[in-house]
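Chains A and B are the protein sequences, given in the same order. FYI, the numbering for the first sequence is -15 to 237, going by the working numbering. FYI, the numbering for the second sequence is 4 to 232, going by the working numbering. Note that CB positions come from ideal geometry on N, CA and C, so glycine has one too. No experiment lies behind these values; they were computed from the predicted model shown. Below is one structure, written out as structure tokens; the observations come after it.
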Amino acid sequence: MSDHHKTMTLTLIVWRQKGPKDPGKFETYTAKGITEHHSFLEMLDCVNEDLIYAGKEPIVFDHDCREGICGMCSQVINGAAHGGQDRTTVCQLHMRKFKDGDTIYIEPWRARAFPIIKDLIVDRSALDTIVQAGAYVSCHTGGVADGNAILIPKPIADESMDAAECVGCGACVAGCPNGAAMLFTGAKVSQYAVLPQGKAEAAERVKNLVDAMSSCGFGNCTNHYECQVACPKGIDVKFIARMNREFLKAQFA
Amino acid sequence: MQLTSSSIGRKILMAITGQSMVLFAVVHLLGNSSIFGWLNGGINAYAHHLHAMPAPVIIGFRLVMLVMVCVHIWFGIQLTVENRGGRPQQYAVKATQKATFASENMIWTGSLLGLFLVYHLLHFTFQVLNPETAAIKNIVPLHELMVPNVLGMVVAGFKNFFVSFIYAGAMVTLFLHLSHGIQSFFQTMGWSCDKSQPLLVKFGTLVALGLFLGYVTIPLTIFAGILKG
Chain A
-15 MSDHHKTMTL TLIVWRQKGP KDPGKFETYT AKGITEHHSF LEMLDCVNED LIYAGKEPIV
45 FDHDCREGIC GMCSQVINGA AHGGQDRTTV CQLHMRKFKD GDTIYIEPWR ARAFPIIKDL
105 IVDRSALDTI VQAGAYVSCH TGGVADGNAI LIPKPIADES MDAAECVGCG ACVAGCPNGA
165 AMLFTGAKVS QYAVLPQGKA EAAERVKNLV DAMSSCGFGN CTNHYECQVA CPKGIDVKFI
225 ARMNREFLKA QFA
Chain B
4 MQLTSSSIGR KILMAITGQS MVLFAVVHLL GNSSIFGWLN GGINAYAHHL HAMPAPVIIG
64 FRLVMLVMVC VHIWFGIQLT VENRGGRPQQ YAVKATQKAT FASENMIWTG SLLGLFLVYH
124 LLHFTFQVLN PETAAIKNIV PLHELMVPNV LGMVVAGFKN FFVSFIYAGA MVTLFLHLSH
184 GIQSFFQTMG WSCDKSQPLL VKFGTLVALG LFLGYVTIPL TIFAGILKG
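Next comes the structure, spelled out in structure tokens:
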């Protein structure tokens, strides 16, 4: 048999929690017949099929596009959010990164602001609360303007776009030892603060977002920079520095 | 007041007070290095020069430093307690990639430095720990003046292995605390970007290393008998 058809057997230690109130515990499962071409989620699908056939509750996890775009999948694999592969969501993590006989720990995002709903699914609506606090432009910007009506230099547009790449998966919070949402909030503040349309409300925005962040139960940043490594979109901690700068500026605005 | 209540505001206060203390540590080291003789009259002349300043300047400076220390400790404890609650349950596997021993233990290195600060003030500033070698009780001639014998007090102190050991240990702790603290200051103030950030990490570590080496040389050379009273 060629390497191509070799299958792996893995030991999974998965966090199981019946509901928000359940204390939860780790359960051990065996994943059999896994090929290197399986994605991590497909591997879990296989395990779940076995569980369903055996009349047991399947492992509940979040997922949507399975194309590495949406960031809906949210698992901490062996201690790393999204499995620790650079700029990759769990759905795009493939089993070729593992080897036969490996033991894999699978846990939900762990943060005070992200209560567990069931097994590996957490409630990430705290991130929406931050967005609702002002991560938008509410001043009149008119209809669709000519492309050249408001001149924005390419590096500035790129800077905004780099920040706007955030998909709100919450991996930064999961990776942060303090459960802080500084990278997420920093990206939201920055994507508007650098653009002329966003500048008008920049001071109010940063103040409101920072307050929302704390009231949602997120921790504070201690500059570990774990968020940047965890981010599947590679959002840079320079956006945290920019938010700090905007915040300081807003105190005098 | 968002500066004293919000997440980022309190971090900015931590950064400013911390960095003020770093600046003090740099000036303090430059002054103390007069013990190696580059200043005519050595550390005794330097100490005399400091104490010859008007009393309000000295008292005012000490009060400012006290406020810096208190604000840094107060918000340091407050933020650490909040941050411990940010992730109530730890992961089964610890796989941090960028966090360092220094960055994860700021509260502990900070606490040790706080204790050391108290010891250091009692030892050399208030001179109550070893009264027989206290500088204020041993007046020696300096040019035409009679001044406290700071050199004698420092040498007598560092001749003791345990005293030198405590100081050297404290300086290792200071290195750890500042190797994270200095670069952290620039990030928190928003004075860094993707290009400067790795350089600022190196710069912070370098300054911390410089302070460590500079300070640790004093007890080491005295204990080794190279620097004599």
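Would you please verify whether the beta carbon of residue i is less than 7 Å from any beta carbon of chain B?
| i | result |
| --- | --- |
| A64(A) | yes |
| E149(A) | no |
| V74(A) | no |
| F236(A) | no |
| D103(A) | no |
| V115(A) | no |
| R240(A) | In this structure chain A extends from -15 to 237, so residue 240(A) is not present and cannot be described. |
| V60(A) | yes |
| D146(A) | no |
| A141(A) | no |
| K16(A) | no |
| A225(A) | yes |
| D220(A) | yes |
| L(-6)(A) | no |
Let me see if you follow: with CB-CB separation under 7 Å, is residue i close to chain A or not?
| i | result |
| --- | --- |
| A95(B) | yes |
| S10(B) | yes |
| T191(B) | yes |
| G40(B) | no |
| N86(B) | yes |
| Q195(B) | Looking at the sequence shown, residue 195(B) is not Gln but Ser. Yes - at least one Cβ of chain A is within 7 Å of the one on S195(B). |
| P91(B) | yes |
| L82(B) | yes |
Nearest to residue i by CA position, among the options, is which residue?
| i | options | result |
| --- | --- | --- |
| R111(A) | T206(A), V194(A), A237(A) | Correcting the residue identity first, residue 111(A) is Leu in this sequence and not Arg. With distances taken between Cα atoms, L111(A) lies closest to V194(A). |
| K2(A) | I101(A), I219(A), C75(A) | I101(A) |
| R229(A) | V219(B), V166(B), T191(B), I19(B) | T191(B) |
| G213(B) | E135(B), K101(B), S182(B), I229(B) | S182(B) |
| V157(B) | P222(B), V150(B), S106(B) | P222(B) |
| I229(B) | R13(B), G193(B), K162(B), F215(B) | K162(B) |
| V70(B) | L177(B), S23(B), G184(B) | S23(B) |
| D107(A) | T125(A), A155(A), A148(A) | A155(A) |
| T125(A) | A196(A), A171(A), C200(A), P180(A) | P180(A) |
| A105(B) | G232(B), G207(B), V219(B) | G207(B) |
| N152(B) | F215(B), T136(B), S167(B) | T136(B) |
| C153(A) | P4(A), P42(A), Q59(A), M(-8)(A) | Q59(A) |
| L115(B) | T99(B), L177(B), F129(B) | L177(B) |
| L154(B) | L33(B), V60(B), G232(B) | G232(B) |
| G160(B) | I139(B), H126(B), M149(B) | H126(B) |
| D48(A) | E11(A), Q76(A), G63(A), K183(A) | Q76(A) |
| G67(A) | V44(A), P92(A), I53(A), I43(A) | P92(A) |
| G63(A) | A98(B), L124(B), Q93(B) | A98(B) |
| L143(B) | I19(B), F64(B), N47(B), L32(B) | Note on identity: in this sequence residue 143(B) is Val, with Leu being the wrong assignment. When each option's Cα is compared against that of V143(B), the closest is N47(B). |
| L3(B) | V166(B), T83(B), E107(B), L16(B) | Residue 3(B) falls outside the range modelled here, since chain B spans only 4 to 232, and no answer is possible. |
| I169(B) | Y122(B), C196(B), K205(B) | Y122(B) |
| G117(B) | A55(B), H75(B), L148(B) | H75(B) |
| K101(B) | A184(A), E210(A), K233(A) | E210(A) |
| M174(B) | W194(B), A211(B), I61(B), V30(B) | A211(B) |
With a CB to CB cut of under 7 Å and the five nearest residues on each side skipped, what residues in its chain are close to residue i?
| i | result |
| --- | --- |
| F27(B) | M68 |
| G163(A) | A95, R96, A97, V157, F202, G203 |
| M(-15)(A) | Unreliable positioning characterises M(-15)(A) in this predicted model, as indicated by a pLDDT of 47, which lies under 50. A coordinate reading is not provided. |
| W(-1)(A) | G8, F10, I90, E91, P92, D103, L104 |
Please return the same chain residues whose Cβ sits closer than 6 Å to the Cβ of residue i, not counting the five positions on each side in sequence.
| i | result |
| --- | --- |
| G12(B) | Q5, L6 |
| G184(B) | G21 |
| M56(A) | D46, H47, D48 |
| A117(A) | N192, L193, A196 |
For residue i, collect the residues of the same chain with a Cβ closer than 8 Å to its Cβ; drop the 5 residues on either side in sequence, then sort them by chain order.
| i | result |
| --- | --- |
| G52(A) | T72, T73, C75, Q76, P216 |
Query raised in the report: Which residues, taken in chain order from the region 201 to 218 of chain A, show a beta carbon closer than 8 Å to some beta carbon of chain B?
Result: G201, F202, G203, N204, C205, T206, N207, H208, Y209, E210, Q212, V213
Requested in this report: Using a Cβ-Cβ cut-off of less than 7 Å, give me the residues of the region 151 to 169 of chain A that come near chain B, in sequence order.
Outcome: P161, N162, G163, A164
Report task. Pull out every residue of the region 96 to 108 of chain B whose Cβ sits closer than 9 Å to any Cβ of chain A, in chain order. Result -> Listed by position along the chain: V96, K97, A98, T99, Q100, K101, A102, T103, S106, E107.
Query raised in the report: Which residues, taken in chain order from the region 197 to 212 of chain B, show a beta carbon closer than 8 Å to some beta carbon of chain A?
Result: D197, Q200
Query raised in the report: At a Cβ cut of 7 Å, what residues of the region 174 to 200 of chain A count as close to chain B, listed as they run along the chain?
Result: The region 174 to 200 of chain A vs chain B, Cβ under 7 Å: K191, V194, D195, M197, S198.
Report task. Could you please tell me which residues of the region 173 to 188 of chain B, in chain order, have their CB closer than 8 Å to any CB of chain A? Result -> H183, Q186, S187
Requested in this report: May I ask you to verify whether the region 71 to 88 of chain A touches the region 209 to 224 of chain A, counting CB pairs closer than 8 Å and requiring at least 3?
Outcome: yes
Query raised in the report: Counting Cβ pairs, one atom from each stretch, are 3 or more of them under 8 Å apart for the region 28 to 35 of chain A and the region 113 to 125 of chain A?
Result: no
Report task. Name, going along the chain, the residues of the region 71 to 100 of chain A whose beta-carbon falls closer than 7 Å to a beta-carbon of chain B. Result -> Y89, E91, R94, A95, R96
Query raised in the report: What residues in the region 11 to 30 of chain B have a beta carbon less than 8 Å from any beta carbon of chain A?
Result: I11, G12, R13, K14, I15
Query raised in the report: Should the region -5 to 15 of chain A be called in touch with the region 85 to 94 of chain A, which here means at least 3 C-beta pairs below 8 Å?
Result: yes
Query raised in the report: Do three or more CB pairs link the region 165 to 184 of chain A to the region 130 to 149 of chain A at distances below 8 Å?
Result: yes
**Report entry** Residues, ordered as in the chain, of the region 130 to 154 of chain B that lie near chain A by beta-carbon distance below 7 Å
**Finding:** So the list is empty, because no residue satisfies the distance condition.
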